[in-house]
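For reference, the structure is listed below as structure tokens.
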Amino acid sequence: MLSIEESKNLFALLESESKSFDEIVAAYQSQFPREARFRVCSSLAILLEDKVLLKPSQRLVAYAILHQTYSSNPPSSNPFISLLVNAASDDTSVKMEMVFIQLLLGSIGGNNNREVMKLSAVDYIKGFDSSSYELFQREQLQKLYADGVQSKSYYSIFQAASVKNIIPDPDISIGIDATPYEPKLSAAGTKPRIGSDDRGNAILGLMQNLSVEGLGPQWIRPAPPMLPVLDGELIWLNPDSNHELLWDYGMCADTSRGAAVRDLIAKALKGPLAPAQQEQFVLELAKDAKLVYHCGLTPSKLPDLVEHNPLIAVEVLSKLMNSPEISEYFTVLVNMEMSLHSMEVVNRLTTAVNLPTEFVHMYITNCIASCENIKVLLLSFSMLSLFEGIGQVHAKQTGEVGLCLSAKSYQKQDNQRQVCFFRDLFIEVQAFCIEFSRIREAAGLFRLLKTLE
Amino acid sequence: MEVKDSSDSSSATTALAGSKDGLANDEGNLSDAEGLAKEAAFLFQNRRFEECVDVLNHLLEKKKGDAKVLHNIAVAEYLREGFTDPRNLLDALNKLKEQSEKLAHSCGEQIESENSSGSDMVPGSKSNSASIHQSSAINSSRVVYAQDFDTSVTLLNIAIILYHIHEYSQSLSVLEKLYQNIEPIEEQIALRVCLLLLDVALVCEDVSKAAGVIQYLEKSFGITHAVGQVDSGCSTQQQSNQGMKIAITSSVTAPDVSTTDSSGNGNSSDNALGRTLTDETLEYETLYSTLDTVSEKLERPISNDNLKLSPDQEASSIDLKLNLHLYKVRLMLLARNLKAAKREIKLAMNIARFGDSSTALLLKSQLEYARGNHRKAIKLLMTTSNNRSDQGILCMFNNNMGCIYQQLGKHHISTLFFSKALKCSTSLRSEKPLKLSSLSQEKSLFILYNCGLQYLHCGKPVVAAQCFDKSKPIFYSRPIIWLRFAECCLSALEKGLLGKSDFSSSEGDVVKVHVVGSGKWRHLVIDDLSLTNRYHKCLGEDAVVIPDGKLRLSVPFARRCLLNALYLLDYTENLQSSASLSSKEETNQSTSASAKSLSQKNTVTSDSKAFNATSASMPSTNGELKETKGGTLSSMTLQSSISLHEEMRRKENNMIRQAVLANLAYLELSLGNPVRALSAAKEILQLPDCSKMYTFLGHVYAAEALCYLDRVGEALEHLSIYVSETNDVQLPYSDEDMEKWRIDKSGDAYEFAGTQNAKSSEVQGIIFQKPEVARGALYVNLAALSAIQGNAEQADMFVNKALSVLPDNPRAVLGGIYVDLLLRRTQNAVVKLRQCRHVRFFPAHLTSSS
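Those sequence lines, one after another, are chains A and B. Throughout, the working numbering is defined as the position within the first sequence, counted from one, plus 4. Throughout, the working numbering is defined as the position within the second sequence, counted from one, plus 2.
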């Protein structure tokens with residue numbers, strides 16, 4: 005923890021037993037800058053823990069330094085105050101040491117306490133008379149000096165639980181001495197200067213190597229493993245398809261191909277087309293599957309087309325089934341004014357393509373509603389045929405055979421599932437039947453519904 | 003009279019015509035332009051780009067500012083110059099696209115205004131429906147005028163360039179726009195869109211999208227059925243299929259006949275009735291034949307007679323069939339649906355017999371590789387690479403060989419192959435004349451990823467990170483690459499490449515003991531293996547800068563990478579969960595798919611498109627259709643591939659998440675952030691199906707973090723899960739758990755047992771510790787906790803157990819010494835120090851006397 009230079013200086017101070025404590029402290033303060041002092045004191049504290057390592061005179065010097073480093077502040081702010089208090093009241097300690105510390109702290113000796121600093125360690129030891137002092141007890145000392153000192157703050161409980169990391173390992177047996185790691189002092193041929201003896205060497209070495217943290221409880225933190233190569237994480241290369249840049253053949257191309265159809269549609273929005281025109285329209289559409297997208301029809305125009313040319317509407321819609329906009333067309337169809345033509349369109353569409361169930365449901369509901377409003381016999385009559393048609397086709401679509409509203413097909417297939425389709429509309433359809441019971445088909449439908457109940 | 007009528011009556015058409023005529027007022031001029039256009043197209047086809055550009059420039063004088071002419075000029079010039087600057091072309095095309103879209107938009111608005119005024123005159127259009135009309139008109143304008151301002155070719159070309167310069171996600175987004183509205187696009191272009199989309203989706207590992215496109219191609223281009231018949235060889239099925247065809251045509255034509263008949267009679271109800279009557283008989287006839295084909299009808303909206311194939315097209319349709327099979331194989335391999343892939347590749351090989359089968363063979367090799375039959379894979383790979391002069395093929399060959407050898411655990415050979423592949427790949431770039439295809443063949447970025455993975459597992463984290471960094475343009479959106487980056491950092495850290503070397507490693511190192519003094523005064527000073535703040539000193543400053551200087555491997559960088567990976571994982575998970583939710587909804591009401599969108603007005607998204615394709619075949623499952631039909635079967639395997647892939651993705655992401663969180667908790671602990679470490683560790687423990695190994699790590703990390711937070715009791719709770727009543731600790735995980743984690747491979751991997759050893763011996767990365775070692779760690783940590791709680795005896799008991807499991811682990815030894823010192827048994831401690839092999843004694847004397 006201390007550098008080689010620092011440890012040597014510090015050791016020299018500890019060794020100077022004949023100098024007065026004041027002199028030593030002064031030398032210490034000149035040699036160690038303020039920021040190094042805590043480290044120095046910490047090392048001293050650790051060295052002091054071993055009761056035999058330092059000689060008595062050295063211990064006194066160490067205590068003096070520990071105290072004097074922080075003497076300008078109140079004693080409770082001295083980080084080593086509890087160490088000092090403990091040492092001063094520990095019964096296992098030498099009395100001489102206890103007295104020295106208590107003198108330093110000023111608890112005994114009255115105004116004498118400054119006097120002790122003027123002595124050298126040797127003088128103090130020589131002149132020590134154990135009988136002349138009445139020592140304070142630990143509690144008293146604590147009250148006097150360490151009151152309000154917080155318990156030691158630490159980085160973690162690991163640190164709090166740490167023990168001193170120094171183990172005395174006296175090398176007594178000669179045989180063990182031959183271990184290879186053991187440095188041979190004499191053979192190294194070093195000049196015996198300061199700390200050349202075993203003890204001094206030990207102290208110097210400890211100063212350099214010990215750590216404040218000590219040895220904490222050990223914890224194994226397993227390193228996270230590397231994720232193994234996942235299946236398919238390595239990239240396997242396959243040849244690409246050849247994607248070449250394209251030429252736009254639409255450049256200056258004849259865009260009139262749709263013109264005829266567009267004309268026809270425009271006319272069809274105004275009024276019924278002649279049979280020849282209808283035929284032409286169907287032919288044109290059959291020639292080019294994509295033409296239907298360019299014929300100029302939009303959902304908003306659909307009602308006109310349905311009103312004037314239901315068959316053309318069926319033709320166009322069935323070709324638009326894959327269009328992303330087909331749902332918009334359906335929305336328009338459901339919401340438009342109910343009429344024979346729209347019904348015909350829906351009826352024919354059910355046979356031609358796969359209509360979404362929800363749409364059919366909505367349409368039927370609308371049908372019934374408007375039918376009851378107008379109460380046109382003829383209309384309801386055609387609606388019955390629509391029901392029949394839808395029912396049959398729906399049966400085909402869902403694979404549920406016999407979902408027919410006509411009585412004869414019902415007799416063929418007795419399947420409870422057929423109810424499902426009209427369950428949502430059951431009440432409505434029933435009411436409808438009662439209202440129009442004059443019509444034969446409606447009566448038949450009613451009977452059928454009854455049996456399904 | 004008709005002409006006059008049309009010009010008078012339809013405002014929409016005149017507006018259309020006007021917009022077109024505005025570009026070329028003169029009729030004669032127009033026909034002239036047409037001739038020039040034909041000439042230019044001819045020259046383009048014959049790759050005479052120089053002349054082609056001349057003609058086009060001539061044409062441009064006649065039609066100033068025409069987007070299509072400009073487009074073709076840009077393309078032809080680019081080809082003439084030899085693909086020097088794809089970005090330039092990209093900019094030009096993007097500009098043209100915007101220009102056309104603007105024109106189309108303004109034109110659309112004009113039409114719309116006329117439209118709305120027209121719709122007011124319609125009798126009986128209710129106010130509530132009027133709003134619908136208007137909203138739909140806005141959307142529809144795009145379709146109606148698509149022909150005149152059609153940007154589909156431009157968009158496709160943009161996507162093609164993006165594909166070639168490896169910007170796949172951008173390419174994907176362009177293609178998706180096209181695909182969403184693919185119906186009106188001209189067939190040949192639509193086909194190209196689909197094929198490119200397939201390629202891009204496969205590169206992006208978007209299995210469901212690819213499956214959607216394949217199904218769309220099958221139904222729109224009528225491909226599967228014929229193939230399915232040939233291969234199954236089932237004659238009855240063939241017949242039934244033919245029957246179907248007839249049924250379809252009859253049901254289509256039947257109403258047509260009646261339409262033309264009835265329309266003459268006006269629109270009375272009698273007619274409608276009459277129709278239903280006549281149709282009724284007709285319907286009953288066709289009822290049974292159409293019964294099982296109704297759903298087919300939707301699958302094939304373009305009936306076959308519309309596709310009049312020329313002999314040339316016929317050849318290309320065989321090509322298309324083969325390609326579609328190969329795409330399916332690739333998709334299934336990606337989804338690791340190996341059985342289906344095996345079936346599919348057989349079909350492909352049957353077709354490919356007559357032509358070029360190299361791609362099919364390569365895929366077969368990949369299949370065997372995926373199944374763990376590495377020898378077979380190598381053999382197949384050898385047969386494909388007979389054309390060794392082609393750098394592109396050579397590059398693929400080397401890379402794939404590298405993959406196989408990596409799996410075999412032969413890491414040095416693997417590295418060799420990868421670097422060879424890299425060399426081939428870069429030489430492609432310098433090839434003259436440069437082709438556009440050679441740009442896309444330049445697969446350096448993929449190979450670099452492979453290299454990085456290889457280096458990482460060989461314990462060369464810095465080179466590995468460099469490789470990953472370069473492959474980032476493609477992989478940056480995948481969580482795994484960020485985990486790999488973090489692993490590079492951690493590996494560098496373990497190897498002492500970052501920061502102070504004395505802080506570098508954990509278990510592999512030694513206990514340092516300083517021998518101080520001699521003789522009677524000899525002391526031993528033990529250095530603690532510092533745990534806390536281990537990386538504090540390398541925070542920020544200490545980093546390995548990889549050679550090209552762009553990337554610094556450091557601990558904070560590792561943390562950023564891990565957070566990145568977590569973000570991406572969350573992101574993809576959210577996407578997936580929402581997608582699966584919606585798809586569930588949709589399958590619940592599969593028959594009313596479009597009705598659903600009916601109620602929601604306008605929700606045509608790319609997903610619904612993919613779904614429409616699948617839903618078309620869905621009714622067959624609940625209906626009475628037989629599953630043996632080609633289309634149904636194929637869609638079912640595709641469906642199962644999608645779900646397999648989703649399942650696999652979920653598993654993989656779970657694995658990645660465990661690893662990321664464990665790394666994060668570890669790093670945070672090392673950086674001295676116990677709070678963050680704790681939250682990461684807790685997250686591991688909360689994962690739904692976390693492996694036992696990571697659960698163990700989670701508990702240990704959490705316990706340590708809690709210790710730093712002074713919550714020893716909770717820490718003990720985490721560890722005591724593993725402690726039995728007799729104070730024994732059970733194994734936190736078993737060998738089987740580790741096996742499960744390592745390789746989740748099915749199939750007949752007969753070579754596997756042998757390769758396992760080779761694998762572990764050559765790999766230098768950190769792998770999972772053996773269960774016994776993990777148990778030892780638990781003992782050590784329990785001892786520490788006991789000591790902290792002041793129970794030295796219990797600590798002694800645990801530490802002795804730890805030492806019996808891990809006699810050589812320096813930490814266990816040190817733990818033992820700690821307890822000895824705690825109990826003031828210094829002699830025992832000294833003995834332990836002397837006996838441990840991982841203790842180094844340092845004579846302090848040498849330093850003091852210098």
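Positions of the beta carbon are idealized from the N, C-alpha and C atoms, including for glycine.
In this structure, what does DSSP give as the bridge partners for B/F843? Position 841 of the second sequence holds residue 843 of chain B. B/V515.
Just to confirm my understanding: we take A/N82, look at its own chain, exclude 5 residues before and 5 after, and list those with CB closer than 7 Å. What are they? As a working note, residue 82 of chain A is residue 78 in the first sequence. The residues Y74, in chain order, have a CB closer than 7 Å to that of A/N82 in the same chain once the five nearest residues on each side in sequence are set aside.
Validate contact between the stretch 30-44 of chain A and the stretch 5-21 of chain A using beta carbons, cut 8 Å, 3 pairs: Flag = yes, the stretch 30-44 of chain A and the stretch 5-21 of chain A touch.
Look up A/S124 in the DSSP assignment and give the residues it is bridged to. By one-based count along the first sequence, residue 124 of chain A stands at place 120. Under DSSP, A/S124 shares a beta bridge with A/S24.
What alpha helix (DSSP H) runs, 4 residues minimum, are completely inside the stretch 232-292 of chain A? Runs of the alpha helix (DSSP H) inside the stretch 232-292 of chain A: 263-272 and 279-291.
Residues within the stretch 708-720 of chain B neighbouring chain A, beta-carbon criterion of under 8 Å: Listed by position, the residues of the stretch 708-720 of chain B near chain A (Cβ gap below 8 Å) are C709, Y710, D712 and V714.
Starting from A/P172, trace the beta strand (DSSP E) both ways and give me its first and last residue. Residue 172 of chain A sits at position 168 when you count from the first residue of the first sequence. First-last of the beta strand (DSSP E) with A/P172: I170 to P172.
Cβ of A/R43 within 7 Å of any chain B Cβ: Walking along the first sequence from the start, residue 43 of chain A turns up at place 39. No, because no Cβ of chain B sits closer than 7 Å to the Cβ of A/R43.
With DSSP as the reference, identify every bridge partner of B/L526, one or two as the case may be. Position 524 of the second sequence, counted from the start, is the residue given in the question as residue 526 of chain B. Answer by DSSP bridge pairing, in chain order: A/I171 and B/V517.
Kindly indicate which three-state DSSP category B/V731 falls into: helix, strand or coil? Counted from its first residue, the second sequence places residue 731 of chain B at position 729. The answer is strand: DSSP assigns B/V731 an E or B state.
Of the residues B/L200, B/Q393 and B/E220, which one's Cα is nearest the Cα of B/K211? On the second sequence, position 209 is the one that residue 211 of chain B refers to. For the residues B/L200, B/Q393 and B/E220, the minimum Cα distance to B/K211 belongs to B/L200.
Which value, in whole angstroms, describes the spacing of the CA atoms of A/K12 and A/W223? Within the first sequence, the letter at position 8 stands for residue 12 of chain A. Within the first sequence, the letter at position 219 stands for residue 223 of chain A. Answer to the nearest angstrom: the Cα atoms are 36 Å apart.
By the 10 Å Cβ neighbour count, where 16 or more other Cβ atoms means buried, how is B/F44 classified, buried or exposed? Along the second sequence, read from residue 1 onward, the residue named residue 44 of chain B stands at position 42. It counts as exposed.
Under 8 Å, CB to CB, which of the residues in the stretch 231-244 of chain A have a partner in chain B? Listed in sequence order: L231, P232, V233, L234, D235, G236, E237, L238, I239, W240, L241, N242, P243 and D244.
Amino acids of chain B, ordered along the chain, whose beta-carbon sits closer than 7 Å to that of A/E217: The residue given as residue 217 of chain A occupies position 213 in the first sequence. In chain order: D530.
At a cut of 8 Å, does the stretch 636-647 of chain B reach the stretch 681-694 of chain B through at least three beta carbon pairs? No, because fewer than three Cβ pairs between the stretch 636-647 of chain B and the stretch 681-694 of chain B fall closer than 8 Å, the two stretches do not touch.
Count the C-beta pairs between the stretch 704-711 of chain B and the stretch 160-172 of chain A that are closer than 8 Å, then say yes if the count reaches three, no if not. Contact between the stretch 704-711 of chain B and the stretch 160-172 of chain A is present, because at least three Cβ pairs lie under 8 Å.
Buried/exposed call for B/R355, threshold 16 Cβ in 10 Å: The sequence position of residue 355 of chain B within the second sequence is 353, counting from 1. Classified as exposed, B/R355 has fewer than 16 neighbouring CB atoms from the shown chains inside 10 Å of its CB.
Please look up how many angstroms separate the CB atoms of B/R842 and B/V517, rounded, as I've assumed it's under 8 Å. Here residue 842 of chain B refers to the residue found at position 840 when the second sequence is read from its first residue. Here residue 517 of chain B refers to the residue found at position 515 when the second sequence is read from its first residue. That belief does not hold up - the Cβ atoms of B/R842 and B/V517 are roughly 11 Å apart, past 8 Å.
Anything in the stretch 267-296 of chain A with a Cβ closer than 7 Å to a Cβ of chain B? List those residues in chain order, please. Near chain B, meaning a CB-to-CB distance below 7 Å, the residues of the stretch 267-296 of chain A are D267, A270, K271, K274, P279, Q282, E283, V286, A293 and K294.
7 Å Cβ cut-off: residues of chain B touching A/Y367: Reading the first sequence from its first residue, position 363 is the one you call residue 367 of chain A. Within chain B, no C-beta atom comes less than 7 Å from the C-beta of A/Y367; the nearest is roughly 11 Å away.
Contact under 7 Å by Cβ, A/L70 with A/L51: The count along the first sequence starts at 1 and reaches residue 70 of chain A at position 66. The count along the first sequence starts at 1 and reaches residue 51 of chain A at position 47. Between A/L70 and A/L51, the C-beta gap is not smaller than 7 Å, which leaves the two residues out of contact.
Pair within 7 Å by beta-carbon distance, A/S97 and A/K23: To locate residue 97 of chain A, count along the first sequence from 1; it is residue 93. To locate residue 23 of chain A, count along the first sequence from 1; it is residue 19. No, the Cβ-Cβ distance between A/S97 and A/K23 is not below 7 Å.
Is it the case that the Cβ atoms of A/S327 and B/E220 are separated by a distance below 7 Å? Position 323 of the first sequence holds residue 327 of chain A. Position 218 of the second sequence holds residue 220 of chain B. No; because the gap between Cβ atoms is not below 7 Å, this pair is not in contact.
So B/I162 and B/L198 are supposed to be a Cβ contact under 8 Å. How far apart are they, rounded? By 1-based counting over the second sequence, the position of residue 162 of chain B is 160. By 1-based counting over the second sequence, the position of residue 198 of chain B is 196. At roughly 6 Å, the Cβ-Cβ gap stays under 8 Å, so B/I162 and B/L198 are in contact.
In the DSSP assignment, find the alpha helix (DSSP H) that holds B/K221 and state where it starts and stops. In the second sequence, the residue the question calls residue 221 of chain B occupies position 219. B/K221 -> alpha helix (DSSP H) spans V209 to F223.
Short-range partners of chain A found in the stretch 513-525 of chain B, where Cβ spacing is below 8 Å: For the stretch 513-525 of chain B, which is checked against every Cβ of chain A, the residues closer than 8 Å are H516, V517, V518, G519, S520, G521, K522, W523, R524 and H525.
Am I right that A/L301 and A/L309 are in contact with their C-beta atoms under 8 Å? What's the rounded C-beta distance? Locating residue 301 of chain A in the first sequence gives position 297, counting from the first residue. Locating residue 309 of chain A in the first sequence gives position 305, counting from the first residue. About 7 Å; that satisfies the 8 Å criterion.
Could you compute how far the alpha carbon of A/S46 sits from the alpha carbon of A/V216? Residue mapping note: residue 46 of chain A aligns to position 42 of the first sequence, counting from 1. Residue mapping note: residue 216 of chain A aligns to position 212 of the first sequence, counting from 1. Rounded to whole angstroms, A/S46 to A/V216 spans 7 Å at the Cα level.
Euclidean distance between Cα positions of B/G700 and B/L784: Counting from 1 along the second sequence, the entry for residue 700 of chain B is found at position 698. Counting from 1 along the second sequence, the entry for residue 784 of chain B is found at position 782. Rounded to the nearest angstrom, the two C-alpha atoms are 15 Å apart.
Bounding residues of the alpha helix (DSSP H) (the contiguous stretch that carries B/L2): As displayed, chain B neither begins before 3 nor continues past 852, which places residue 2 of chain B out of reach and without an answer.
Opening and closing residue of the alpha helix (DSSP H) in which A/T354 lies: Here the question's residue 354 of chain A lines up with position 350 in the first sequence. Per DSSP, A/T354 belongs to the alpha helix (DSSP H) from L344 to A356.
Taking the alpha helix (DSSP H) that B/M398 falls in, what are its first and last residues? Within the second sequence, the letter at position 396 stands for residue 398 of chain B. Element bounds for B/M398: Q393 to L410.
Continuous alpha helix (DSSP H) stretch holding B/R345: start and end: Locating residue 345 of chain B in the second sequence gives position 343, where the first residue counts as 1. Counting along the chain, the alpha helix (DSSP H) containing B/R345 begins and ends at L340 to A354.
Using only CA atoms, which one of A/E311, A/N358, A/L64 and A/V338 lies nearest to A/P276? Counted from its first residue, the first sequence places residue 276 of chain A at position 272. If we check each option's Cα against that of A/P276, A/E311 comes out closest.
Can you check which of these residues, A/M100, A/P279, A/L287 and A/L353, is closest to A/Y458 by C-alpha distance? Residue 458 of chain A falls outside the range modelled here, since chain A spans only 5 to 457, and no answer is possible.
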